[in-house]
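In our numbering, the protein residues as written are 4 to 226.
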């Protein structure tokens, strides 16, 4: 039930100041005394926060998008409340010494005054797809970086597989690289691992696999 903005004033609401281990919540309303309460961020404690807000008929909640700490809090609360997720730079602290209590009170005051503009938060299934996509891109980047690392090590040992083999990470070449990593540096032995069409390149392989391989190169290849 997340919303992107509340261009009107409310008669009651809650401001949350979210941290790694705690959430400071302040509720204000026209018919009850302002209250501030601190909850731990364990899941059971977040549901206690839900119960506390529901007991005061709170339906509108505002919180800062602080790092990643807001995510689990948001995930629990979004099924029960209209949540306004606000960029931290849009919320100014009250003058004087900064305290969590003042932060949550200030957020609540801005919420009730209709002065907060929330960020767009897509539905959960879209958020999950985005996370999967980001993770996939990260894995692809890591794989590419690792391939480049291996090729640089081979070049530094003057192993010229890339000059003979179309795919350094194909079956035959990888078997040779694994053997090198284990300390096998004999070009004849390594070249005998060729398969398929690569067998015809025996002479070229012998030249490409004759390098200056040290124990350091083997260690780095074996990582």
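Note that beta-carbon positions come from the ideal geometry of N, C-alpha and C, so glycine has one too. The model shown is predicted, which means the values in this text are computed figures rather than measured ones.
- In the three-state DSSP reduction, residue 154 falls in the helix class (H, G or I).
- Check the Cα spacing between residue 61 and each of 190, 84 and 71: the tightest is with 84.
- Taken atom to atom, the span from the alpha-carbon of residue 65 to that of residue 154 is near 51 Å.
- Taking C-beta atoms as the reference points, residue 18 and residue 110 count as a pair closer than 8 Å.
- Sixteen is the threshold: when 16 or more other Cβ atoms of the shown chains lie within 10 Å of the Cβ of residue 220, as they do, the residue is buried.
- Residue pairing from DSSP leaves residue 221 without any beta-bridge partner.
- When 48, 144 and 73 are compared, the shortest CA-CA separation from residue 122 is found for 73.
- If you draw a straight line from the Cα of residue 77 to the Cα of residue 143, it is about 29 Å long.
- Excluding its 5 nearest sequence neighbours in each direction, residue 37 has C-beta neighbours in its own chain below 6 Å: 31, listed in chain order.
- Proximity to residue 179 across 152, 209, 151 and 159 peaks at 209, based on C-alpha coordinates.
- In this structure, the straight-line span from the alpha carbon of residue 156 to that of residue 124 is close to 45 Å.
- For the 8 Å CB-CB criterion, residue 199 and residue 160 do not form a contact.
- Between the beta-carbon of residue 184 and that of residue 225 there is about 4 Å, and that keeps the pair under the 8 Å contact cut.
- In the three-state DSSP reduction, residue 197 falls in the coil class, being neither helix nor strand.
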